[in-house]
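Q:
Numbering (the working numbering), first residue to last: 4 to 88.
(1) Can you give me the start and stop residues for the alpha helix (DSSP H) that residue 41 sits inside?
(2) Closer than 8 Å is the cut-off here; do at least three beta carbon pairs connect the segment 74 to 85 with the segment 45 to 63?
(3) So the alpha helix (DSSP H) residue 70 belongs to, where does it begin and stop?
(4) What residue from 55, 31, 26 has the CA that sits closest to residue 75's CA?
(5) Let me know if residue 60 comes out buried or exposed under the rule of 16 or more other beta-carbons within 10 Å of its beta-carbon.
Written out as structure tokens, the structure is:
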């Protein structure tokens, strides 16, 4: 496992923010073109809830990932609700 150089954190954070912004724009454009209940959105939701969020939570809090998982799922649900507004 590599050590993280803390001097790189601002660059890493900026990159992640840019990626998230781009992904959000993509999903919003899918709503415009294909409607709210697309297979892509259902698949994305399943991927986030079943794979990505649990993996990230386990990395953040390996002993008890349940609180981190619950918080991330809540954030994900809030993001999804903003798409349909």
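All residues carry an ideal CB built from backbone N, CA and C; glycine is no exception. The model shown is predicted, which means the values in this text are computed figures rather than measured ones.
A: With the structure as the only source:
(1) Counting along the chain, residue 41 falls outside any alpha helix (DSSP H), and DSSP gives it neither H nor E.
(2) With three or more CB-CB distances shorter than 8 Å, the segment 74 to 85 counts as touching the segment 45 to 63.
(3) It spans 69 to 86 - the alpha helix (DSSP H) in which residue 70 sits, taken as one unbroken run.
(4) 55
(5) buried
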